[in-house]
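> Residue numbers (mature numbering (1 follows the signal peptide of the UniProt record, and there is no 0)): -21 to -1, 1 to 370. Just so it is clear, CB atoms sit at the ideal spot from N, CA and C, and this is done for glycine as well. Here it is: the structure, laid out below.
Written as structure tokens, this is what we have:
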């Protein structure tokens, strides 16, 4: 009898050691990559690393794969119909690519049971099937970071509990944290985002940004009944490199450019008064660019499926009307005829600048001086007409 008990104890110990050894062989980690210099890499990146030393496996599962060569890529991206897919690569290649790029990588080893690790592996393999790997990308709500978070939560037998994130943060606030030093990129993003991007978001929505996910994971716990364990076992920096210097594509900032534009508009106005004639080429340039930008904003507001662009009050300033009316405007300028468009434009621009502080949308700092520039141009038209006809 005693021998049987001893044998059972030894068998149990052997099985537990076997399970423990199997569990130690497998490690799953959340990988967070530092931002790069390209606009699509400004916010960093998230992936999942799956290691099984017994099988010699070390894979990185990456939900951020896309190709610029996809037909109509820019159009589909603007419309909100960009497709990303799950890619799988060996870890050394993943590490090397980020080291060469100058982006550090942080690894957070997940505190999962063997069954949870196995379930995560099955879920990842299922996601990687050709029929499942492609998904409709959404920058704020469904991206490489939220996909990694969601699949981790699906494999856990209990519930992941996150601590409260930073209060009173909006999507735009977080975007601005990552576009600092990239003023032209920030201008472009600001022009596209509407008032919905300025609403306060909760902790879970803040996790669209890779480093917000990293911080949330640090403090997160797994709750299974009365049992509580941390989500992260330990964290380390697996790629430690110096980031590349920020290099803007254009040497002047948007604010400097818009003030130069105001200066040129004032000079053109003075020159028009001196020669008593409208310089219509300037109208063609200024109002043409306004109208073209307005076409993009209008398309985003009415046709894009992005959830944060349909409430863009900037459409009051940038819309296709100047572009549509431009031939008439230039014709009347050449003929020296009165153009009521400029009087209406003065009223609209003045009204827009007056209601800006009361609109629940944060505008880029260049918007007000840009509106002022357009106002000065229309005012020049009105004043010159009255001067020409009241000699």
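Along the chain, which unbroken stretches of the beta strand (DSSP E) at least 3 residues long are found entirely within the segment 117 to 146?
Within the segment 117 to 146, the complete beta strand (DSSP E) runs of at least 3 residues are 138 to 140.
> From which residue to which residue does the beta strand (DSSP E) around residue 41 run?
That run of the beta strand (DSSP E) goes 36 to 44.
> Need the endpoints of the beta strand (DSSP E) that residue 312 sits in, please.
Careful: residue 312 lies outside any beta strand (DSSP E), inside the alpha helix (DSSP H) at 300 to 314.
> Here's the rule: buried if 16 or more other CB atoms are within 10 angstroms of the residue's CB, otherwise exposed. What is residue 134?
Residue 134 comes out buried.
> Below 8 Å on the Cβ atoms is my guess for residue 289 versus residue 275; work out the distance and round it to an integer in Å.
With a Cβ gap of about 14 Å, residue 289 and residue 275 do not count as contacting.
> Out of 54, 31 and 9, point me to the one whose CA is closest to residue 42's CA.
Out of 54, 31 and 9, 9 has the C-alpha closest to the C-alpha of residue 42.
> Going by alpha carbons, who is nearest to residue 345 out of 166, 190 and 337?
Comparing Cα positions, the closest option is 166.
> Given that a residue counts as buried once 16 or more other Cβ atoms are within 10 Å of its Cβ, and exposed if not, what is residue 235?
Flag for residue 235 reads exposed.
> Would the segment 148 to 161 count as touching the segment 54 to 65 if we require 3 or more Cβ pairs under 8 Å?
No, because fewer than three Cβ pairs between the segment 148 to 161 and the segment 54 to 65 fall closer than 8 Å, the two stretches do not touch.
> Helix, strand or coil for residue 321 per DSSP?
Of the three classes helix, strand and coil, the one that applies to residue 321 here is helix, per DSSP.
> Got a sec, what are the start and stop residues for the alpha helix (DSSP H) residue 357 sits in?
Counting along the chain, the alpha helix (DSSP H) containing residue 357 begins and ends at 346 to 367.
> Measure the CB-CB distance between residue 25 and residue 192 and report whether it falls below 8 Å.
Cβ distance < 8 Å, so residue 25 and residue 192 count as in contact.
> Leaving out five residues on either side along the sequence, give the residues of the same chain with a beta carbon under 8 Å from the beta carbon of residue 168.
These residues qualify, in order along the chain: 154 and 158.
> In the DSSP assignment, find the alpha helix (DSSP H) that holds residue 25 and state where it starts and stops.
Segment 24 to 31 is the beta strand (DSSP E) holding residue 25; no alpha helix (DSSP H) there.
> Could you tell me if residue 287 is buried or exposed, where buried requires 16 or more neighbouring beta carbons within 10 angstroms of its beta carbon?
Under this definition residue 287 is a buried residue.
> Which first and last residues belong to the alpha helix (DSSP H) in which residue 236 is found?
Counting along the chain, the alpha helix (DSSP H) containing residue 236 begins and ends at 233 to 254.
> Would you decide whether residue 339 is buried or exposed? Buried here means 16 or more other CB atoms lie within 10 Å of its CB.
Answer is exposed; the Cβ neighbour count stays below 16.
> By the three-class DSSP mapping on this structure, what secondary structure does residue 12 have?
It is a strand residue.
> Determine the direct distance from the alpha carbon of residue 199 to that of residue 186, and round the result to whole angstroms.
Each residue's Cα considered, the two are about 12 Å apart.
> Check the DSSP bridge columns for residue 213 and list the partner residues they point to.
Bridge partners of residue 213: 88.
> Residue range of the alpha helix (DSSP H) that residue 65 falls in?
Where residue 65 is concerned, there is no enclosing alpha helix (DSSP H), although the beta strand (DSSP E) it sits in stretches over 62 to 69.
> Going along the chain, which residues of its own chain have a beta-carbon closer than 7 Å to the beta-carbon of residue 128, five neighbours each way excluded?
For residue 128, where only same-chain residues beyond five positions count, the Cβ hits under 7 Å are 186 and 192.
> In this structure, does DSSP put residue 258 in helix, strand or coil?
The answer is coil: DSSP assigns residue 258 none of H, G, I, E or B.
> Kindly confirm or deny that the segment 323 to 334 and the segment 344 to 363 touch, where touching means at least three C-beta pairs closer than 8 Å.
With the cut-off at 8 Å, the segment 323 to 334 and the segment 344 to 363 touch.
> DSSP state of residue 329, grouped into three classes?
Correct three-state label for residue 329: helix.
> The alpha helix (DSSP H) that contains residue 390, what's its start and end?
Because residue 390 is not part of the residues shown, which for the chain are -21 to 370, the question remains open.
> Given a cut-off of 8 Å on the beta-carbon distance, is the pair residue 131 and residue 103 in contact?
No. Outside cutoff.
> Where residue 71 and residue 173 are concerned, what is the direct C-alpha to C-alpha distance, given to the nearest angstrom?
For residue 71 and residue 173, the distance between alpha carbons rounds to 41 Å.
> So is residue 365 buried or exposed if we call it buried at 16+ other beta carbons inside 10 Å?
The residue is exposed, with fewer than 16 neighbouring Cβ atoms inside 10 Å.
> Alpha carbon to alpha carbon, how far is residue 160 from residue 57?
Roughly 24 Å separates the two Cα atoms.
> Could you give the C-beta distance for residue 218 and residue 17, rounded to a whole number, given that I count them as a contact under 8 Å?
Rounded, the Cβ-Cβ distance is 18 Å, inconsistent with contact.
> Count the other CB atoms within 10 Å of the CB of residue 171; is the residue buried (16 or more) or exposed (fewer)?
Its Cβ being crowded by 16 or more others within 10 Å, residue 171 is buried.
> Considering only residues of the same chain and omitting the five flanking positions on each side of residue 23, which have a CB-CB separation below 7 Å?
The answer, listed in chain order, is 11, 12, 13, 14, 189 and 190.
> Suppose the cutoff is 7 Å on Cβ atoms and the five residues either side in sequence are ignored; what does the same chain contact list for residue 116 look like?
Excluding positions up to five away in sequence, the list reads 61, 62, 63 and 122.
> If distances are taken between C-alpha atoms only, which option among 354, 194 and 90 comes closest to residue 332?
When only C-alpha atoms are compared, the closest one is 354.
> How many angstroms separate the CA atom of residue 78 from the CA atom of residue 145?
Distance between the alpha carbons of residue 78 and residue 145 is about 30 Å.
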